[in-house]
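Read the structure below first, then the notes.
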Amino acid sequence: MTRKQRRLYFVVLGLLALGAAVGLVLNALGDDMVYFYTPSQLQAKHVPPGRRVRIGGLVEQGSVMKAGSTVTFRITDNTAVLPTTYTGILPDLFREGQGVVAEGKIGTDGVLHASEILAKHDEKYMPKEVADALKKSGQWQGGKK
Amino acid sequence: MDAIRSFLAMGGYGAYIWPCYLLATVVMVGLLVVSVRTARRREGELDRLQQLRRDRPGRRRRTAIAEGSNP
Amino acid sequence: MHRFANPARFLRLANVALPWLAALAVLSLAAGLYLALFDSPPDYQQGDTVRIMYIHVPSAWMGMFCYTAMAAFSAMALIWKHPLADLLARATAPIGAAFTLICLVTGSLWGKPMWGTWWAWDARLTSMLILFFLYLGYMALANAFDDPGRGARASAILALVGFVNVPVIKWSVDWWNTLHQPASVIKMGGPAIDKSMLIPLLLMALGFQAYYFVVLILRARAEIAAAKIGTIRMAQVHAAGQGD
Chain A
357 MTRKQRRLYF VVLGLLALGA AVGLVLNALG DDMVYFYTPS QLQAKHVPPG
407 RRVRIGGLVE QGSVMKAGST VTFRITDNTA VLPTTYTGIL PDLFREGQGV
457 VAEGKIGTDG VLHASEILAK HDEKYMPKEV ADALKKSGQW QGGKK
Chain B
220 MDAIRSFLAM GGYGAYIWPC YLLATVVMVG LLVVSVRTAR RREGELDRLQ
270 QLRRDRPGRR RRTAIAEGSN P
Chain C
50 MHRFANPARF LRLANVALPW LAALAVLSLA AGLYLALFDS PPDYQQGDTV
100 RIMYIHVPSA WMGMFCYTAM AAFSAMALIW KHPLADLLAR ATAPIGAAFT
150 LICLVTGSLW GKPMWGTWWA WDARLTSMLI LFFLYLGYMA LANAFDDPGR
200 GARASAILAL VGFVNVPVIK WSVDWWNTLH QPASVIKMGG PAIDKSMLIP
250 LLLMALGFQA YYFVVLILRA RAEIAAAKIG TIRMAQVHAA GQGD
C-alpha cells in the first residue's frame with residue numbers, strides 16, 4: 357500500500373467513524389432536537405400543568421375567535437386538538453388552516469396559554485391566481501387567505 | 220411617482236426586502252473588490268521581484284541581501 | 050485530475066474561463082434581479098416578502114456548496130498533497146462565509162414579518178449558524194500558524210470534520226420538527242414552487258454559482274502569487290544566510 361492510499365483510507369475511515377458518531381449522538385438527542393411537539397405527542401407525554409411547552413400544528417379551520425387583542429383557536433395535527441389562547445400581535449402568516457407554533461404553559465383547564473405565537477410557512481410558493489385556480493378545480497385545498 | 224412609491228413600499232414589506240438586497244450587494248461587491256485588489260497587488264509584487272532577478276543577475280546576491288533584510 | 054493540479058496549467062485555464070464566467074454572472078444576475086424585483090408575482094401567502102427568497106435560497110445553496118467544495122479540496126490536499134487543492138480550499142472559505150452570512154441575515158429579515166420572530170433555535174437555523182462558525186474557524190486556523198504547511202493540515206482536518214454538518218443542514222427539516230419550512234425545489238415529486246417564481250430563483254442561483262467561480266479564480270491567483278513571492282523571499286534569505 358502506498359502512502360497515498362494509506363492516507364486515502366485513513367480519511368475515508370475517519371469520516372465514516374465521525375459520521376456514525378454524529379448520527380448516534382443526533383439519534384440519542386432525538387426529542388431535544390425538535391423545535392416543537394405536536395398535540396398528539398403532547399398527549400402521549402403527560403406534561404404537568406405549568407411547564408413551558410412549544411406546540412406546533414395547524415390552526416383548525418373555523419376555530420379562530422378574536423375578542424379585542426385576545427385570540428383563541430385550536431391547534432390540530434388531525435389526530436389530537438389543543439385549545440389555545442393568546443393575547444398580543446399575531447404574525448402576518450397566522451391563518452386558519454396554516455401551520456403555527458405556540459409557546460406557553462398548559463393550564464389546569466387543559467388550555468395552552470401562549471406567550472408567543474409563530475406562524476409556520478409551508479414549502480409551497482405560487483401566485484394568488486394559481487392558488488385560486490387550483491382551489492377552484494378542486495386539485496388542492498390550501499389555507500384560506 | 221406613485222408607481223415608484225408603491226414599488227419601493229413592496230406591499231408594506233419594503234423595510235424587510237430592501238435591506239436584504241442591499242446587504243447581498245454590499246457583501247458580494249465588497250468581496251469581489253477585495254479579491255481583485257489582492258490579486259492585482261500580489262501579482263504586481265511578484266512581477267517586480269521576478270523582474271529584479273532577471274534584470275540584475277550579476278548583482279543578485281546584493282539585491283537578495285537588501286531585500287532579505289527588509290521583507 | 051493530476052493534470053489540473055499544476056498551478057501553471059490551472060492559471061492558463063482559469064484566465065481563459067474568467068471573462069466567460071464573469072459575463073455569465075453579470076447576465077444571469079441582471080436577468081434574475083429584473084424578474085425577482087419587477088416581473089414576478091407576489092406569493093399568495095407571503096405577499097412581496099417572497100422576493101427575499103430569491104436572495105436567501107441561492108445563498109443558502111452556495112453556503113452548503115462552498116463547504117462541500119472546501120471539504121473536497123481539503124481531502125485532496127490531505128491525501129494527494131496537491132498544493133493547488135489546499136490553495137483552492139483556502140480561497141473558497143471566505144466566499145462560503147459571505148454567502149452563509151447573507152443567508153442568515155436575509156432569513157432573519159424574512160422571519161420577522163412572516164414567522165413573527167427574527168430567530169428560532171430550530172435544527173435548520175442552528176445548523177446553518179454552525180456552518181457560519183465553521184467557516185470562521187477554518188479561516189482563523191488556516192492563518193494561525195507561522196508555518197503555512199501546519200496551518201493547512203490543521204484547517205483541512207477541520208474542514209473534513211465539519212462536513213458532517215452539511216447533510217444535517219439539508220435534512221434537518223425532514224428529520225425533526227422545525228419552524229423552518231421543508232425543501233421546495235430539490236425534493237421528491239418535483240418542485241412545489243410555481244414556474245413564475247422558480248425561474249428567477251434558478252437564474253439567481255446560476256448567477257451566484259458563476260460569481261463563486263469568478264471570485265475563486267481571483268483569490269486562487271492571489272494565493273498562487275503569494276506562494277511564489279514566499280518562495281523567492283525564502284531563496285533570498287537563504288542566499289543571504291549563506292553569504293554571511
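Chains as they are written, first to last, in this note's numbering: chain A, 357 to 501; chain B, 220 to 290; chain C, 50 to 293. Think of the CB as a built atom: it goes at the ideal place given N, C-alpha and C, for glycine as much as any other residue.
Cutting at 7 angstroms between CB atoms, please list the residues of its own chain near residue i, excluding the five before and the five after it.
{"i": "C:D97", "result": "P91"}
{"i": "C:V215", "result": "M113, Y116 and T117"}
{"i": "B:I284", "result": "With a pLDDT of 47 at B:I284, under the threshold of 50, the predicted position of this residue should be treated as unreliable, and no value is reported."}
{"i": "C:V106", "result": "L250"}
{"i": "C:A80", "result": "L252"}
Say whether chain C places a C-beta atom closer than 9 angstroms to the C-beta of residue i.
{"i": "B:Q270", "result": "no"}
{"i": "B:I223", "result": "no"}
{"i": "A:T464", "result": "no"}
{"i": "A:G347", "result": "Outside the modelled stretch of chain A, which goes from 357 to 501, sits residue 347 of chain A, for which no answer is possible."}
{"i": "A:F429", "result": "no"}
{"i": "A:V409", "result": "no"}
Quick one: residues in its chain with C-beta nearer than 8 angstroms to the C-beta of residue i, no 5 flanking neighbours on either side, listed in chain order?
{"i": "C:L247", "result": "V234 and P240"}
So what does DSSP say about residue i, is it helix, strand or coil?
{"i": "A:H477", "result": "coil"}
{"i": "C:R61", "result": "helix"}
{"i": "C:D243", "result": "coil"}
{"i": "A:R410", "result": "strand"}
{"i": "C:K161", "result": "helix"}
{"i": "A:R451", "result": "coil"}
{"i": "A:K353", "result": "Absent from the structure is residue 353 of chain A, since the part of chain A shown begins at 357 and ends at 501."}
{"i": "A:K501", "result": "Low per-residue confidence applies at A:K501: pLDDT is 37, beneath 50, and the placement is therefore not dependable enough to give any value."}
{"i": "C:I151", "result": "helix"}
{"i": "A:T443", "result": "strand"}
{"i": "C:D97", "result": "coil"}
{"i": "A:S419", "result": "coil"}
{"i": "A:H469", "result": "strand"}
{"i": "C:I206", "result": "helix"}
{"i": "A:A458", "result": "strand"}
{"i": "C:D223", "result": "helix"}
{"i": "C:P216", "result": "helix"}
{"i": "A:T432", "result": "strand"}
{"i": "B:R261", "result": "helix"}
{"i": "C:D196", "result": "coil"}
{"i": "C:Y103", "result": "helix"}
{"i": "B:D221", "result": "helix"}
Going along chain C, which residues have a C-beta under 9 angstroms from residue i?
{"i": "A:D433", "result": "Within chain C, no residue comes near A:D433; the closest Cβ sits about 10 angstroms away, beyond 9 angstroms."}
{"i": "A:L449", "result": "Q94, Q95, P162, M163, W164 and G165"}
Quick one: which chain A residues come within Cβ less than 7 angstroms of residue i?
{"i": "C:T166", "result": "L474"}
{"i": "C:T210", "result": "The amino acid at residue 210 of chain C is misidentified as Thr; the sequence shows Val. Residues of chain A passing the Cβ test: L374."}
{"i": "C:W129", "result": "K360"}
{"i": "C:N55", "result": "Here the premise fails: no neighbours, minimum Cβ distance about 17 angstroms."}
Using a C-beta to C-beta distance shorter than 8 angstroms, which residues of chain C count as neighbours of residue i?
{"i": "B:A258", "result": "L267, R268, R270, A271 and A274"}
{"i": "A:H477", "result": "Q94, Q95, M163, W164 and Q230"}
Tell me which residues share the same chain as residue i and place their Cβ nearer than 6 angstroms to its Cβ, disregarding the 5 neighbours each side in the sequence.
{"i": "C:A118", "result": "T141"}
{"i": "C:R173", "result": "S221, V222, T227 and H229"}
{"i": "C:F122", "result": "A134, L137 and A138"}
{"i": "C:L183", "result": "G211"}
{"i": "C:L70", "result": "A259, F262 and V263"}
{"i": "C:R268", "result": "A140"}
{"i": "C:A66", "result": "none"}
At the 9 angstroms Cβ level, is residue i part of the contact set with chain B, yes or no?
{"i": "C:V154", "result": "yes"}
{"i": "C:T98", "result": "yes"}
{"i": "C:A191", "result": "no"}
{"i": "C:Y83", "result": "no"}
{"i": "C:W110", "result": "no"}
{"i": "C:H229", "result": "no"}
{"i": "C:Y260", "result": "yes"}
Just the chain B side, please: which residues come within less than 8 angstroms of residue i by C-beta, in chain order?
{"i": "C:A72", "result": "Under the 8 angstroms cutoff, chain B gives no residues; its nearest Cβ is about 14 angstroms from C:A72."}
{"i": "C:P162", "result": "Y232 and Y235"}
Less than 9 angstroms between CB atoms is the rule here; does residue i satisfy it with respect to chain A?
{"i": "C:M253", "result": "no"}
{"i": "C:W69", "result": "no"}
{"i": "C:M102", "result": "yes"}
{"i": "C:D135", "result": "no"}
{"i": "C:A138", "result": "no"}
Show which residues of chain B have a CB atom less than 7 angstroms away from the CB atom of residue i.
{"i": "C:P91", "result": "G230"}
Residues of chain C with CB closer than 7 angstroms to the CB of residue i, please, in chain order.
{"i": "B:V255", "result": "L267"}
{"i": "B:V246", "result": "A147, L150 and I151"}
{"i": "B:R261", "result": "A271, A274, A275 and I278"}
Got a sec: does the ligand NAD put a non-hydrogen atom nearer than 8 angstroms to the Cβ of residue i?
{"i": "B:Y240", "result": "Of ligands this structure carries none, so the ligand NAD is not represented either."}
Pop quiz: residue i and residue j are said to be a contact at Cβ under 8 angstroms. What is the actual Cβ separation, rounded to whole angstroms?
{"i": "A:I431", "j": "A:G460", "result": "11 angstroms between Cβ atoms; not a contact."}
{"i": "A:T440", "j": "A:L474", "result": "No, A:T440 and A:L474 are not in contact; Cβ-Cβ is about 13 angstroms, not under 8 angstroms."}
{"i": "A:T464", "j": "A:D433", "result": "Not really, about 23 angstroms apart at Cβ, beyond 8 angstroms."}
{"i": "C:A254", "j": "C:W110", "result": "6 angstroms"}
{"i": "B:Y235", "j": "C:I101", "result": "7 angstroms"}
* To do: Below 7 angstroms between beta carbons is the criterion; list the residues of the region 231-246 of chain C that meet it against any residue of chain F, in chain order.
  => In the structure shown, chain F does not exist; the protein chains are A, B and C.
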